[in-house]
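**Q** In this note's numbering, the protein residues as written are 18 to 158. Virtual Cβ for every residue (Gly too), placed ideally from N, Cα, C. Remember, it's a predicted structure, so these values are computed and weren't measured experimentally.
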């Protein structure tokens, strides 16, 4: 039995919840919501992104599989696909846009030192080592 917090819940703790609520109040994001808040929506969408889900249906399938853990993961109560879809359509995107910009600026302030500065007088080269699959391009006769 799990005695501590889930890794996802620990990661979400780093987000500035109070600042997010300021943006929600600024744009009226939670008006008319009955139990499913913008914070719950953000948590679900982050979980989908971090778990590499391909669609909302795929996300809802994995959340349904973890229904008993939904509260502890930060989703609140479990919802259905249509509720999440409607929330994505109706919620003002500026809430999330401003929150992301706030978090980016916060991260920049933390890393404003010269720790990563490259000190060199010559040329700097960068090599990309990513691979490209050629299998789909090969046609067999």
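1. For residue 101, tell me which candidate among 51, 35 and 42 has the shortest Cα-Cα distance.
2. Using the C-alpha atoms, what's the distance from residue 145 back to residue 75?
3. Measure the Cβ-Cβ separation of residue 120 and residue 33 and say whether it is below 9 angstroms.
4. For residue 50, name the three-state secondary structure that DSSP assigns.
5. How would you write the range of the alpha helix (DSSP H) that residue 44 sits in, first residue to last?
6. Terminal residues of the continuous alpha helix (DSSP H) containing residue 55?
7. Can the beta-carbon of residue 96 be found less than 9 angstroms from the beta-carbon of residue 64?
**A** Answer, in terms of the structure:
1. Ranked by Cα distance from residue 101, the options 51, 35 and 42 are led by 51.
2. Rounded to whole angstroms, the separation of the alpha carbons of residue 145 and residue 75 is 32 angstroms.
3. For residue 120 and residue 33, yes; Cβs fall inside 9 angstroms.
4. Three-state result, residue 50: coil.
5. Taken as a continuous stretch (DSSP letters only), the alpha helix (DSSP H) holding residue 44 covers 34-44.
6. Counting along the chain, the alpha helix (DSSP H) containing residue 55 begins and ends at 55-67.
7. Contact flag unset, no.
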